[in-house]
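Enquirer: Below you will find the structure I want to go over with you.
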Amino acid sequence: MRNRFDRQLVQLNNELIEMGGMIEKAISDTVKALVNQDIELASNVIEYDEEIDHQEREIEQLCLKLLLQQQPVAKDLRLISAALKMITDMERIGDHATDISEITIELSKESYIKKLDHIQQMAKETMVMLVQSVEAFVNKDMDKARTVIVHDDVVDDLFNKVKAELIAMIHEDVNAGEQASDLLMAAKYFERIGDHATNISEWVIFSITGQHPDDK
Numbered sequence: 012m013r014n015r016f017d018r019q020l021v022q023l024n025n026e027l028i029e030m031g032g033m034i035e036k037a038i039s040d041t042v043k044a045l046v047n048q049d050i051e052l053a054s055n056v057i058e059y060d061e062e063i064d065h066q067e068r069e070i071e072q073l074c075l076k077l078l079l080q081q082q083p084v085a086k087d088l089r090l091i092s093a094a095l096k097m098i099t100d101m102e103r104i105g106d107h108a109t110d111i112s113e114i115t116i117e118l119s120k121e122s123y124i125k126k127l128d129h130i131q132q133m134a135k136e137t138m139v140m141l142v143q144s145v146e147a148f149v150n151k152d153m154d155k156a157r158t159v160i161v162h163d164d165v166v167d168d169l170f171n172k173v174k175a176e177l178i179a180m181i182h183e184d185v186n187a188g189e190q191a192s193d194l195l196m197a198a199k200y201f202e203r204i205g206d207h208a209t210n211i212s213e214w215v216i217f218s219i220t221g222q223h224p225d226d227k
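12 is the number of the first residue of the sequence shown in the numbering used here; add one for each residue after it.
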């Protein structure tokens, strides 16, 4: 029975890695569509969210199967409950990719009022955080999880730069206000993606130690 349980735990890791790859693709395609004003790619991201949601349900069913069909010890229970929390955050990242893609379509008929360098950098940093948070779970690497949590400050700093730039542009030209608001919202969604990657890493720490960082 334990051997079967361990095999299913390996399957859980593999499914989480697959979902992490799907989310990484969603973020990558989202920022590419935004920067290039690519309506087709943005529409694909929105449709792709269905696949992400399906993967979340698959992992959820596997976790429930592990809980109901086996007799997990405390360490296993922590790992499975952490996985359930992690996929919720991953699913929310997929939702934010959709939100940004909808903004991309909305802005597709007008030229941008500024280059999106900092927003691109935000997307890049959140992808790094996401990949590392999933790796931390699979490898039970608490140091990597903590690195991700600290790295969220980088994303927050970039968001503050974007916000300051856009507010300054609105002060210079009130006609830029509507687009600036949309771009600020897109940046805010990337900032939230960083928050979700941080949440994932906090659940990794819980799965290893039995204590969530917020409980200290």
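Just so you know, even glycine gets a beta-carbon here, dropped at the ideal spot from N, CA and C.
Under 8 Å by Cβ, that's how I've got I70 and M33 pegged, so tell me the actual separation to the nearest angstrom.
Expert: Their Cβ separation, rounded to whole angstroms, is 11 Å, which puts I70 and M33 out of contact at 8 Å.
Enquirer: For a test of the three-state rule: what should DSSP assign to H182, helix, strand or coil?
Expert: Residue state, collapsed to three classes: helix.
Enquirer: Select from K76, K36, T41 and V46 the residue whose C-alpha is nearest the C-alpha of R18.
Expert: Of the listed residues, the one whose Cα sits closest to R18 is K76.
Enquirer: Quick check: the Cα distance between Q82 and I63, rounded to an integer number of angstroms?
Expert: Using only the alpha carbons, I get a separation of about 29 Å.
Enquirer: Where are the alpha helix (DSSP H) runs, 4 residues long or more, that stay fully inside the segment 42-80, in chain order?
Expert: DSSP runs (the alpha helix (DSSP H)) wholly in the segment 42-80: 50-80.
Enquirer: In whole angstroms, give me the CA-to-CA distance for F148 and A175.
Expert: Rounded to the nearest angstrom, the two C-alpha atoms are 35 Å apart.
Enquirer: Report back the beta-carbon spacing between A108 and I160 to the nearest angstrom; my notes put them in contact at under 8 Å.
Expert: With a Cβ gap of about 22 Å, A108 and I160 do not count as contacting.
Enquirer: How would you label H182, buried or exposed, when you count the other beta carbons within 10 angstroms and need 16 or more for buried?
Expert: Exposed, because fewer than 16 other Cβ atoms sit within 10 Å of the Cβ of H182.
Enquirer: Exposed or buried, I57, counting other C-beta atoms within 10 Å across all chains shown (16 or more means buried)?
Expert: Under this definition I57 is a buried residue.
Enquirer: Are the beta-carbon atoms of L177 and A191 separated by less than 8 Å?
Expert: Taking 8 Å as the Cβ cut-off, L177 and A191 qualify as a contacting pair.
Enquirer: Counting Cβ pairs closer than 8 Å, one from the segment 47-55 and one from the segment 108-119, do we hit at least three?
Expert: The segment 47-55 vs the segment 108-119: in contact.
Enquirer: Spatial neighbours of K151 within its chain, please: C-beta separation below 6 Å, excluding the five flanking residues on both sides.
Expert: So the qualifying residues of the chain are I219.
Enquirer: Which same chain residues end up closer than 7 Å to L78 when comparing Cβ atoms and leaving out the 5 residues on each side of it in sequence?
Expert: Cβ within range, chain order: I91.
Enquirer: Look at M133 and A198 and say whether their C-beta atoms are less than 8 Å apart.
Expert: Closer than 8 Å, so yes.
Enquirer: Could you check the C-alpha separation between Y123 and K43 for me, to the nearest Å?
Expert: Going from the Cα of Y123 to the Cα of K43 covers about 14 Å.
Enquirer: Work out the CA separation of Q131 and L195 for me, nearest whole Å.
Expert: When rounded, the distance between both Cα atoms is 13 Å.
Enquirer: Assuming L169 contacts E35 under a Cβ cut-off of 8 Å, what Cβ separation, rounded to an integer in Å, is found between them?
Expert: Rounded, the Cβ-Cβ distance is 18 Å, inconsistent with contact.
Enquirer: Is DSSP giving I104 helix, strand or coil here?
Expert: DSSP places I104 in helix when its eight states are reduced to three.
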